[in-house]
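Below: one structure, written as structure tokens.
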Amino acid sequence: MSKRILRLNETKELYKDVDFISAIKEINDDYYKEKGIKKKALIFTYGCQMNEHNSENMISLLESMNYEMTEDQNEAQLIIFNTCSIRESAENKVIGLLGHMKTLKESKDDLTIAVAGCMMQRDDPRNIILTKYHHVDIIFGTNNIPKLPELIYTQKETGKRVLDIIENYDLVDDIPEYNRLYSHKGFVNIIHGCNNFCTYCIVPYTRGREISRKPEDIVKEITELANNGYKEVTLLGQNVNSYGKNLDRPCSFSELLELINAIPGLERIRFMTPHPKDISDELLEQYGKLDKLSKHLHLPVQSGSDEILKRMNRHYTKEKYISKIEKVKEVYPDIVLSTDIIVGFPGETEEYFEETLDLVKKCKFDFAYTFLYSKRSGTKAAYYEDQIPHDVKLERFNRLLDVLYDIGNEKNTKLIGTEVEVLVDEISKTDDTKVSGRTDGFKLVNFVGTSDLIGKIVKVKITDANTFSLEGELID
Ligand code: 5AD
Ligand code: SF4
Numbered sequence: 006m007s008k009r010i011l012r013l014n015e016t017k018e019l020y021k022d023v024d025f026i027s028a029i030k031e032i033n034d035d036y037y038k039e040k041g042i043k044k045k046a047l048i049f050t051y052g053c054q055m056n057e058h059n060s061e062n063m064i065s066l067l068e069s070m071n072y073e074m075t076e077d078q079n080e081a082q083l084i085i086f087n088t089c090s091i092r093e094s095a096e097n098k099v100i101g102l103l104g105h106m107k108t109l110k111e112s113k114d115d116l117t118i119a120v121a122g123c124m125m126q127r128d129d130p131r132n133i134i135l136t137k138y139h140h141v142d143i144i145f146g147t148n149n150i151p152k153l154p155e156l157i158y159t160q161k162e163t164g165k166r167v168l169d170i171i172e173n174y175d176l177v178d179d180i181p182e183y184n185r186l187y188s189h190k191g192f193v194n195i196i197h198g199c200n201n202f203c204t205y206c207i208v209p210y211t212r213g214r215e216i217s218r219k220p221e222d223i224v225k226e227i228t229e230l231a232n233n234g235y236k237e238v239t240l241l242g243q244n245v246n247s248y249g250k251n252l253d254r255p256c257s258f259s260e261l262l263e264l265i266n267a268i269p270g271l272e273r274i275r276f277m278t279p280h281p282k283d284i285s286d287e288l289l290e291q292y293g294k295l296d297k298l299s300k301h302l303h304l305p306v307q308s309g310s311d312e313i314l315k316r317m318n319r320h321y322t323k324e325k326y327i328s329k330i331e332k333v334k335e336v337y338p339d340i341v342l343s344t345d346i347i348v349g350f351p352g353e354t355e356e357y358f359e360e361t362l363d364l365v366k367k368c369k370f371d372f373a374y375t376f377l378y379s380k381r382s383g384t385k386a387a388y389y390e391d392q393i394p395h396d397v398k399l400e401r402f403n404r405l406l407d408v409l410y411d412i413g414n415e416k417n418t419k420l421i422g423t424e425v426e427v428l429v430d431e432i433s434k435t436d437d438t439k440v441s442g443r444t445d446g447f448k449l450v451n452f453v454g455t456s457d458l459i460g461k462i463v464k465v466k467i468t469d470a471n472t473f474s475l476e477g478e479l480i481d
């Protein structure tokens with residue numbers, strides 16, 4: 006295979022009359038006629054909800070071209086890695102797995118390998134793939150998903166490696182219609198990118214600047230979901246509450262929630278992720294006003310030390326954060342609270358870390374996503390000199406988990422004996438006589454039940470509590 010990589014715009018004129026989806030579909034139908042089985046595709050997804058949703062978009066495009074999804078890499082003709090750059094370990098894992106793909110590719114004559122997502126927006130990992138991983142056929146970025154059919158077609162027609170990375174973020178366009186993974190809960194992007202430049206974070210470099218979708222487009226998408234029986238929607242964005250600032254006709258996130266709350270048929274609205282510096286009292290008050298707004302607030306704090314928060318470029322203090330939590334508890338006392346915490350950020354002393362433990366105890370989070378600080382080249386914090394040794398980070402991390410687990414257990418135990426409404430998602434992963442779903446406050450509940458309950462909201466009595474989940478009994 007030629008080492009030169011082809012950029013999609015080089016073949017734009019050549020293929021301007023091609024309907025890529027139909028063309029690939031035809032190729033795949035011929036394959037089916039010849040072999041009696043459908044062509045299969047597999048996506049490995051890493052990272053956040055946004056990436057999960059991007060993979061959902063890709064699956065939909067692949068299915069429209071008559072690929073069948075598989076989980077077995079040995080039977081796939083197309084394997085896509087949808088990558089994450091948040092932590093170095095996530096990138097290293099993909100680089101390692103891609104190395105193994107070389108052997109798989111050599112053992113099969115019809116395997117196409119593609120790499121997408123945040124890693125491909127970054128020069129260093131992209132250059133490794135370009136120069137050392139010649140068995141990777143297709144490379145595309147986070148904003149180039151709608152081009153997947155064209156990428157597959159061009160790679161097949163030319164036999165060359167192809168690449169498409171949008172560097173101009175104004176060009177982002179959504180995939181207009183697609184099949185979704187679930188038929189009762191949907192994920193909807195409301196804002197792309199991030200303008201915050203927290204000093205540890207790679208996202209502003211991989212997903213570009215904030216671009217809000219128009220409220221009318223969002224409302225239209227969710228109305229269609231509700232008309233199709235969807236009960237729950239999760240609004241996605243790196244910083245959802247800076248939504249709407251750059252629109253021609255500005256619309257605040259709080260106003261957007263009001264518009265969505267009015268959509269008939271919809272029952273629950275979730276969102277992730279808000280930023281404490283942008284969370285207005287007006288938004289917190291919506292927890293007392295909007296009946297469909299899920300009574301769960303995930304508000305990433307990252308650290309409880311004012312000094313560390315300053316170095317992280319977070320624009321709030323410990324006291325300010327706690328005051329937001331107190332405010333929302335006043336509005337809705339039983340609200341479920343969760344957060345993200347980074348342990349071992351450069352310069353974190355024992356004293357600073359104890360500020361984090363203190364904040365966790367004061368806020369009483371139901372759960373938290375906890376991370377060891379990971380140095381990301383290109384971010385400001387990577388150049389701070391006072392990096393923390395790994396063993397110190399790990400020791401603090403375990404102490405933090407002990408505190409979080411105690412609070413989580415205590416809060417879940419209090420729910421024993423209460424009645425909750427659960428939107429049933431699936432057959433339980435640990436026991437196939439049970440189903441599992443989420444309460445309005447996002448608590449995971451398992452109870453004896455059958456697949457006909459999936460997609461329904463049912464009443465459940467809580468009978469037992471674990472650190473991360475609840476056990477219950479169906480009441481109806
Ligand atoms: N190291 C560790 N955790 C990080 N996060 C983002 N960047 C880093 C990093 N360099 C965490 C933050 C963020 C979550 C999505 O990932 O807590 O809220
Ligand atoms: Fe990263 Fe901060 Fe933006 Fe979140 S708000 S994506 S942590 S830069």
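End of the sequence shown = 481 in my numbering, gap-free, step of one. Built from N, CA and C at the ideal position, the CB exists for glycine as well.
So, under 8 Å CB-CB, residue i and residue j are touching, yes? Tell me the CB distance rounded to an integer number of Å.
i      : j      : result
ALA373 : LEU420 : Between LEU420 and ALA373 the Cβ distance is about 18 Å, and since that is not below 8 Å, they are no contact.
ILE284 : SER308 : Contact doesn't hold; Cβ gap of about 17 Å is too wide.
ASP445 : SER299 : 5 Å
SER433 : ASN451 : 5 Å
ILE10  : LEU135 : 6 Å
ILE29  : PRO151 : The Cβ separation is near 14 Å, so there is no contact.
VAL440 : ILE459 : 7 Å
PRO255 : ALA231 : In fact, because the Cβ distance is near 25 Å, the residues do not count as touching under 8 Å.
LYS380 : GLU93  : 7 Å
ILE26  : SER65  : Their Cβ separation, rounded to whole angstroms, is 11 Å, which puts ILE26 and SER65 out of contact at 8 Å.
GLU61  : ARG185 : 6 Å
Can you find the residues in the same chain that come closer than 8 Å, C-beta to C-beta, to residue i, ignoring five residues on each side of it along the sequence?
i      : result
CYS484 : Here the chain has residues from 6 to 481 only, and residue 484 is not among them.
LEU102 : PHE49, PHE86
GLU312 : GLY352, TYR357
MET63  : ILE48, ILE85, ASN87, ALA121, ILE150, LEU153
ARG127 : SER90, ILE207, TYR210, THR211, GLY383
Identify which residue in the options has its Cα closest to the Cα of residue i.
i      : options                        : result
GLY442 : SER474, THR418, ILE284, GLU415 : SER474
ARG401 : VAL336, LEU362, LYS416         : LEU362
ASN244 : ASN201, PRO220, ILE223, LEU262 : ASN201
LEU240 : PHE376, SER112, LYS107, VAL224 : VAL224
LYS161 : VAL238, TYR20, MET63, GLY234   : TYR20
CYS297 : HIS303, GLU155, MET317, ILE274 : The residue asked about is misnamed: residue 297 is Lys in this sequence, not Cys. Ranking the options by Cα distance to LYS297, first place goes to ILE274.
THR278 : CYS256, TYR292, LEU302         : LEU302
LYS489 : ASN246, MET74, SER343          : No statement about residue 489 is possible, as the shown extent of the chain runs from 6 to 481 and does not include it.
MET215 : ASP22, GLY249, TYR337, VAL238  : A small correction: the amino acid at residue 215 is Glu; Met does not occupy that position in the sequence shown. Out of ASP22, GLY249, TYR337, VAL238, GLY249 has the C-alpha closest to the C-alpha of GLU215.
HIS189 : LEU83, ARG381, GLU272, VAL440  : GLU272
GLU260 : GLY242, LEU288, LEU364         : LEU288
THR163 : LEU364, ARG12, LEU409          : ARG12
LEU314 : SER382, CYS203, SER112         : CYS203
ASP77  : ASN251, ASN403, LYS45, GLU415  : LYS45
THR75  : ASN59, LYS43, ASP129           : LYS43
PHE276 : LYS219, SER247, LYS398         : SER247
GLU324 : VAL336, VAL306, TYR410         : VAL306
ASN14  : LYS107, GLY41, LYS110, ASN149  : ASN149
THR435 : LEU399, GLU476, LEU406         : GLU476
GLU221 : ASN233, TYR235, SER112, GLU263 : GLU263
SER112 : HIS140, LYS98, SER257, ILE265  : HIS140
VAL365 : TYR337, ASP411, HIS395, GLU335 : ASP411
Residues in its own chain within less than 7 Å of residue i by CB, not counting five upstream and five downstream?
i      : result
ASP481 : VAL463, LYS464
ASP391 : PRO351, GLY352
ASP115 : GLN82
VAL333 : LEU289, TYR292, LEU302, ILE340
THR438 : VAL453
ILE330 : LEU342, CYS368
Within a Cβ cutoff of 6 Å, which residues of the same chain sit near residue i, ignoring the five residues on either side of it in sequence?
i      : result
SER310 : TYR357, GLU360
ASP142 : THR117, ILE118, GLN160, ARG166
SER170 : In the sequence under discussion, the amino acid at residue 170 is Ile, which differs from the Ser named in the question. Closer than 6 Å at Cβ, skipping near neighbours: GLY146.
TYR378 : ILE347, GLY349, PHE350
MET6   : Note on MET6: pLDDT 48, under 50, position unreliable in the model; no value is reported.
LYS282 : HIS320, TYR321
ASN414 : THR472
PHE376 : ILE347
MET125 : ARG131, ILE144, GLY146
ASP345 : PRO305, TYR374
SER257 : GLY249
ILE100 : none
| query | Touch check for the segment 423-443 and the segment 386-393: three-plus C-beta pairs under 8 Å? | reply | no
| said: Under 6 Å, CB to any heavy atom of ligand 2. Which residues pass, going along the chain? | reply: CYS199, ASN201, PHE202, CYS203, CYS206, VAL208, PRO209, GLN243, ASN244, HIS280
| task | Determine, using beta-carbon pairs with one atom in the segment 189-203 and one in the segment 26-39, whether at least three such pairs fall under 8 Å. | result | no
| message | Count Cβ pairs between the segment 369-383 and the segment 309-319 that sit closer than 8 Å; are there 3 or more? | response | no
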